[in-house]
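Every letter in the sequence shown is one number past the one before it in full-length UniProt numbering, and letter 74, counting from 1, is 74. Quick reminder that beta carbons are idealized off the backbone N, C-alpha and C, glycines included. Computed from a predicted structure; not experimentally measured.
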Amino acid sequence: MQRISKASIQSKVTFISRYLVIYGLLFIMIAIMTATSYSKTFLSSQTIENALKSFQSTEVLLAVMGREMPPLLQEYEEEVPDLSTSKFVVDALTDIRLGDARSLLGREIPGLDAYHTEILIAGEGTDYTTLPYESPPPDDFFSSAEDKKDTPPEEDTVPEEASVLIYHTHTWEAFLPNLSGATKPNEAVSHDETKNIVNVGAMLKEELLKYNIQSQHVKDNVATELKERNWSYPDSYKASREIATEALAKNDKVEYIFDLHRDSVDKKITTTTINGQPYARLFFIVGKENKFYEENLRFVTELNKKLNQEYPGISRGVFQKSKAQGNGLYNQDLSEKALLIEIGGYANNNEEIKKTVEAFAKVFSEMYKGDMEVNAQ
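Next up, the structure:
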């Protein structure tokens, strides 16, 4: 009869004890969350959410199964992490990732949490030192918002065939070259729609029309909306959602929704040269919390790829944000093809932005034509 060595028995006991601890902790966490569902007090924590997601990770499941089926580890060797029990438990229960200082320092240093933005597709030169940065306007900016309710909108009719909706959550985002006397990044704000991001929306509408793509451009001043409701900067997406929803109610043919912004990082990051010409670089944000996440991600992945193929380096990439890093939704649940597009930065000029808008419109029109051909079949 084959004798089982003491070392073998000890190894198996160690293995079993490790996973009893892991799944015991999981059981306790689920029990706590279930218990709170019967009361009016609900347990809500990003840390707990991340912990539960750790247990359902494909890589973790592969590692656990591979312990019992060694051939599985050989087949997926590159995809299976080194499952250290102590490291896994620390990651799951504290959301502190060993080897990633951002996960620890981000809790203690104000502003560092913004660098938790996840890079889904990195463009040329994109890493955690060149992440996008959202800069709120000065505190007194909203109090100076002009009341434009008595002024009829420049465009009071919606194109019947409009399939694209262009709007702006941060209508005040402007560009220093357009502003007299402004020199600092936080001074790149304006209510004047000829000098801020609204003008970029007007450029895009004009370019799309060259490809026979009708679009509806909503220019409502979100700063005014916030002021009237006594809301603050964090409520921007709530205000723009009302604006976008109202616009969509007027036209059920809209399929593509573009929320245009500009970034707040240095010009050396937001600018590139293509064929000897300066372009404002762009990038995309995908909200992790929206119900059309997968659809939006597929759409933006294809668009981003085509942009960089035709205009190498024009895109800084595709980034993902959850509620922990921002709004998390970004009104992208309004369509399966909803984009948050950041075009250029506070220091880019109209020439650089115009070239990028032209490039975007050209590439998008090619995808649009392809979609129309598919829908016609």
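Taking Cβ positions only, does residue i come closer than 8 Å to chain C?
| i | result |
| --- | --- |
| Q277 | Within the model displayed, chain C is absent; a lone protein chain is all it includes. |
The beta strand (DSSP E) that contains residue i, what's its start and end?
| i | result |
| --- | --- |
| S240 | From DSSP, S240 is part of no beta strand (DSSP E) but of the alpha helix (DSSP H) over S236 to A249. |
| Y279 | Q277 to A280 |
| V318 | S315 to K321 |
| D118 | The residue asked about is misnamed: residue 118 is Glu in this sequence, not Asp. Where E118 is concerned, the enclosing beta strand (DSSP E) stretches over E118 to A122. |
| I166 | V164 to Y167 |
| T271 | T271 to I274 |
| E289 | It is not in any beta strand (DSSP E) - E289 carries neither H nor E in the DSSP assignment. |
Kindly list the residues whose CB is nearer than 8 Å to the CB of residue i, restricted to its own chain and excluding five residues on each side of it in sequence; keep chain order.
| i | result |
| --- | --- |
| R229 | D235 and A239 |
| V222 | H168, T169, H170, T171, W172, S236, A239, S240 and I243 |
| K337 | E255, Y256, I257, E295, N296 and F299 |
| E310 | A359, K362 and V363 |
| S215 | P159, A162, S163, V164, L165, I166, L204, K205, L208 and L209 |
DSSP on residue i, reduced to helix/strand/coil?
| i | result |
| --- | --- |
| K369 | helix |
| D263 | strand |
| F27 | helix |
| L179 | coil |
| Y256 | strand |
| Q332 | helix |
| G125 | coil |
| L339 | strand |
| S215 | strand |
| F283 | strand |
| A174 | strand |
| V363 | helix |
| S45 | Here S45 scores only 48 on pLDDT, less than 50, and its place in the model should not be relied on; the value that follows carries that caveat. Correct three-state label for S45: coil. |
Under the rule that 16 or more other beta-carbon atoms within 10 Å means buried, what is residue i, buried or exposed?
| i | result |
| --- | --- |
| G370 | exposed |
| S335 | buried |
| S144 | exposed |
| M372 | exposed |
| L209 | exposed |
| N142 | Inspection of the sequence shows that residue 142 is occupied by Phe rather than by Asn. Flag for F142 reads buried. |
| Y330 | buried |
| I197 | buried |
| D220 | buried |
| K323 | exposed |
| G181 | exposed |
| K321 | buried |
| H184 | Correcting the residue type first, residue 184 is Lys in the shown sequence and not His. It counts as exposed. |
| N186 | exposed |
| E351 | exposed |
| D263 | buried |
| T273 | exposed |
| T129 | exposed |
| I28 | exposed |
| K288 | buried |
| K195 | buried |
| T270 | buried |
| E246 | exposed |
| E124 | exposed |
Leaving out five residues before and five after residue i in sequence, what residues of the same chain have Cβ atoms less than 6 Å from its Cβ?
| i | result |
| --- | --- |
| N375 | none |
| A347 | L176 and K267 |
| P136 | Y233 |
| T126 | R316 and G317 |
| L307 | I314, S315 and V363 |
| Y133 | S264 and V265 |
| K253 | S163 |
Assuming residue i is part of the alpha helix (DSSP H), what are its boundary residues?
| i | result |
| --- | --- |
| Y293 | Y293 to E310 |
| K195 | That residue, K195, is in no alpha helix (DSSP H); it is neither H nor E in DSSP. |
| L226 | V222 to R229 |
Once you ignore the five residues that flank residue i on each side, which residues in its own chain have a CB closer than 7 Å to its CB?
| i | result |
| --- | --- |
| V200 | L260, I343, I353 and V357 |
| Y368 | I213 |
| I121 | T301, N304, G317 and V318 |
| E193 | N199 and K219 |
| I119 | T126, G317 and F319 |
Is the beta carbon of residue i within less than 7 Å of some heavy atom of the ligand ATP?
| i | result |
| --- | --- |
| I213 | Among the components modelled here there is no ligand, and therefore nothing to report on the ligand ATP. |
Query raised in the report: Okay, do the region 271-287 and the region 340-351 touch, 3+ Cβ pairs below 8 Å being the bar?
Result: yes
Query raised in the report: For the region 348-355 against the region 264-281, are there 3 or more C-beta pairs whose distance is under 8 Å?
Result: yes
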